[in-house]
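397 is the number of the first residue of the sequence shown in this note's numbering; add one for each residue after it.
From the three backbone atoms N, C-alpha and C, an ideal C-beta is built for every residue, glycine too.
Quick caveat: nothing in here was measured; it's all calculated off a predicted structure.
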Amino acid sequence: MVTRRRLIQIGISSIGTLTLFYTNYNFGAKGKGSSDDDNIASPATTPFKDALPLPFPPLDVGNQHQLDVPANARHFEMIEEQAMVSMHSDLPETSIWRYRDTNVEPSNATALGPIFMVKMGADKQPICVRFNNHLPIDHKGFGLTHTTVHFHGGHIESRSDGFPEDIDNLGFHPIFERGGFYDYRYDMEDPGYSTDEAHSFDRPSTLWYHDHFFDFTGPNVYRGLVGFFLIFDELDTGDENDTSGLQLPSGEFDLPLAFQDKQFARDGSLLYNSFDHNGFLGDKFLVNGMIQPFHRVQRRKYRIRLLNGSNARFYQLFITDKDRNTYPFDIIATDGGLFSSPIRGRESILLGSAERREIIFDFSQFEAGTVIFIENRLRQEDGRGPKGDFLRPDTPNKGPRLLKFIVEGGDVEDNSLVPNSLRPFDPISKAELKRAKVSEFEFDKKQGAWTINGKLADLSRPMVSPVMNQPVIWRFINKSGGWWHPIHVHLEFMRVISRNGKRPPLEERDGMARKDTIILGPNDEVEVFIKFRDYPGPWVFHCHNLEHEDMRMMARFDVKPEE
């Protein structure tokens with residue numbers, strides 16, 4: 397198996413050898429950014445020519461899984477496959493990898509995987525999913541057909557988390573190759589259910605799933621192994637007409653959007669630079685697998701779920717009109733689910749790789765025929781990260797438009813609400829903070845690779861072993877100079893208690909938000925509180941710049957049972 401890490405270790409000694417590797421592995425070139433009509437390397441495409449694709453939920457199948465599951469569990473079966481799909485009508489169809497429901501016939505219209513919609517709480521629905529690896533046996537080019545599926549943001553048993561490497565001391569074998577399958581169990585229990593700490597405020601709302609195979613997460617995710625996973629309960633019911641819940645916009649007015657950037661050859665194929673372990677940037681912006689699509693909306697409120705599904709790009713998203721005027725919106729949720737209360741009247745959102753936000757935007761303020769855009773104004777030229785810093789990102793007064801909304805129709809009935817209270821919860825108590833064990837993790841660069849505490853990833857042994865149900869404070873320190881790192885911790889949400897020694901911004905502050913991914917900007921130091929509950933076993937934390945992750949900026953931690 398030729399890995400990016402191995403190629404960099406052995407070096408490329410001649411132009412001839414380099415040409416051979418490019419021919420065999422289709423590394424391609426790296427894009428540096430784009431505007432609506434400024435395409436660096438990819439063929440020209442007409443913005444807003446194609447409709448926004450929307451993913452469909454998978455259909456239940458009979459119980460055929462090799463797991464001990466509750467009687468009320470729902471069962472699904474998925475295929476990982478290569479497929480030809482349209483990513484823009486000006487381009488030939490593109491060969492991608494994707495997740496597909498076994499109940500659905502192949503189609504060239506959908507790149508995103510099926511969207512799971514599952515309940516937690518009193519009516520929780522445990523689910524089991526079998527993933528079958530049908531990726532091509534004769535694959536050439538970037539990526540590898542070994543896979544493991546990570547339920548990103550999930551509170552689940554270790555064997556179903558998508559551990560990135562097959563190691564003898566795990567107690568399970570998470571990697572499945574072409575022709576194999578793996579059964580995943582998601583119990584949908586509240587964190588703390590095994591003690592008396594379970595509470596509804598720990599429930600997420602917008603999660604996602606993606607490949608997590610070590611050394612190849614970047615290329616495999618870039619090829620298309622991505623999908624949404626939405627959570628509902630008796631509070632966030634998914635029904636705006638249900639007066640017993642929050643009545644957030646629902647149904648067709650609940651809009652999941654996955655933002656990605658890619659680069660294309662003239663034949664429509666994807667280009668990817670496997671040597672660029674700094675972070676890959678494409679020169680085309682896609683939403684739900686389509687380059688700069690449009691979407692028709694009614695004159696009413698929409699819940700818009702924003703996912704940064706890019707490998708290394710950050711976004712500063714604005715809602716603008718044709719004259720680049722900006723319009724405020726309410727932010728209601730982040731990675732860890734609904735806020736305690738809405739953050740009203742914001743004009744932009746910063747998103748690092750894997751981060752999510754949910755906003756409510758009201759299109760009733762516009763007349764029919766108005767066009768509105770989601771626009772990225774963040775300046776980023778390479779995998780180092782954006783210009784500026786976390787609190788002051790460099791955002792010019794215009795940027796590439798990613799998605800066009802077309803407002804249609806007259807007045808419509810809208811029973812949805814944006815309540816002043818969502819999922820209120822208290823900050824961690826001083827007593828709990830005082831008894832937390834503190835650990836420090838320095839994120840740096842060494843000899844062309846990425847390190848944590850000066851070490852390259854070694855997933856055969858833990859870097860740290862927290863005790864289950866015991867509080868910890870993890871201090872993340874960016875020692876890598878001007879580089880940015882979105883840090884993701886598996887199993888539990890983080891409570892951000894300080895950023896550079898000061899109170900964190902509202903969108904990540906404990907008492908308002910819970911996070912599974914936090915941005916570590918240049919020279920940042922961030923303290924987070926975590927309590928690993930319910931599930932012992934091996935897990936990982938890592939940078940979610942996927943090229944940094946593949947190039948060893950990852951560490952294992954083992955949650956130990958209480959004595």
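For the alpha helix (DSSP H) holding residue i, just list the boundary residues, first then last.
| i | result |
| --- | --- |
| G678 | Here G678 belongs to no alpha helix (DSSP H), and DSSP marks it neither H nor E. |
| N616 | 613-619 |
| E473 | Element bounds for E473: not the alpha helix (DSSP H) but the beta strand (DSSP E), 470-481. |
| L942 | 942-946 |
Going by beta-carbon coordinates alone, are residue i and residue j separated by less than 7 Å?
| i | j | result |
| --- | --- | --- |
| I627 | M474 | no |
| F839 | R891 | no |
| S744 | F714 | yes |
| I511 | F624 | yes |
| E923 | I893 | yes |
| S835 | V863 | no |
| L667 | Q659 | yes |
| P867 | A909 | no |
| I355 | I914 | There is no way to answer for residue 355, as the model of the chain reaches only from 397 to 959. |
| L787 | S737 | no |
| D807 | K697 | no |
| L774 | Q712 | yes |
| S554 | P957 | no |
| I492 | G641 | no |
| I727 | R742 | yes |
| D946 | I824 | no |
| R929 | N865 | yes |
| R599 | D629 | yes |
| A542 | E573 | The sequence shown places His at residue 542, rather than the Ala named in the question. Against a cut-off of 7 Å, the Cβ pair of E573 and H542 comes out as a contact. |
Give me the Cβ distance between residue i and residue j, rounded to the nearest whole Å; I'm assuming they're in contact under 8 Å.
| i | j | result |
| --- | --- | --- |
| A505 | P449 | 6 Å |
| R699 | I768 | About 16 Å separates the two Cβ atoms, so there is no contact after all. |
| N684 | A654 | 6 Å |
| Y618 | N707 | 6 Å |
| G781 | F710 | 6 Å |
| I563 | L855 | 6 Å |
| R797 | P522 | Not really, about 41 Å apart at Cβ, beyond 8 Å. |
| V885 | F801 | At roughly 34 Å, the Cβ-Cβ gap does not stay under 8 Å, so V885 and F801 are not in contact. |
| F527 | Y582 | About 12 Å separates the two Cβ atoms, so there is no contact after all. |
Identify the residues that DSSP records as bridge partners of residue i: which are they?
| i | result |
| --- | --- |
| V457 | Partner(s): none; V457 has no beta bridge. |
| Q761 | Q761 is not bridged to any residue. |
| K841 | W846 |
| R905 | V892 |
| L734 | A729 |
| K515 | F628 |
| T722 | T716 |
| E836 | R871 |
| D638 | DSSP, once it has assigned bridges, lists no residue as partnering D638. |
| F572 | T543 |
Work out the CA separation of residue j and residue i for me, nearest whole Å.
| i | j | result |
| --- | --- | --- |
| F417 | A437 | Residue placement at F417 is flagged as unreliable, the pLDDT there being 38, under the threshold of 50; the coordinate-derived value follows with that caveat. Straight-line Cα distance between these residues: approximately 20 Å. |
| N529 | S665 | 22 Å |
| F472 | D650 | 23 Å |
| T498 | Y605 | 17 Å |
| A425 | L734 | Residue placement at A425 is flagged as unreliable, the pLDDT there being 34, under the threshold of 50; the coordinate-derived value follows with that caveat. Looking at the two C-alpha atoms, the distance is approximately 39 Å. |
| R948 | V525 | 29 Å |
| G567 | S482 | 41 Å |
| E751 | N704 | 6 Å |
| G558 | Q761 | 44 Å |
| N420 | G575 | Annotation note: pLDDT 36 at N420 (below 50); position unreliable, coordinate value reported separately. Computed Cα separation, rounded: 23 Å. |
| F889 | D912 | 5 Å |
| M513 | S812 | 19 Å |
| G647 | N459 | 28 Å |
| H461 | E804 | 46 Å |
| K842 | L852 | 9 Å |
| A507 | A447 | 13 Å |
| A479 | D672 | 26 Å |
| G917 | G784 | 9 Å |
| F725 | R740 | 6 Å |
| I848 | H881 | 11 Å |
| G588 | D790 | 40 Å |
| D719 | N793 | 11 Å |
| E593 | E585 | 12 Å |
Are the C-beta atoms of residue i and some chain B residue less than 7 Å apart?
| i | result |
| --- | --- |
| G878 | Although the question refers to chain B, the structure presented lacks it and comprises just one protein chain. |
Start and end of the beta strand (DSSP E) containing residue i?
| i | result |
| --- | --- |
| E828 | Taken as a continuous stretch (DSSP letters only), E828 belongs to no beta strand (DSSP E), being part of the alpha helix (DSSP H) at 826-830. |
| T543 | Element bounds for T543: n/a, residue is neither H nor E. |
| V803 | 797-807 |
| F527 | 523-529 |
| S491 | 490-497 |
| T633 | First-last for T633: undefined, no H or E at that position. |
| D607 | 602-607 |
| H886 | No beta strand (DSSP E) contains H886, which DSSP labels as neither H nor E. |
| M950 | 950-955 |
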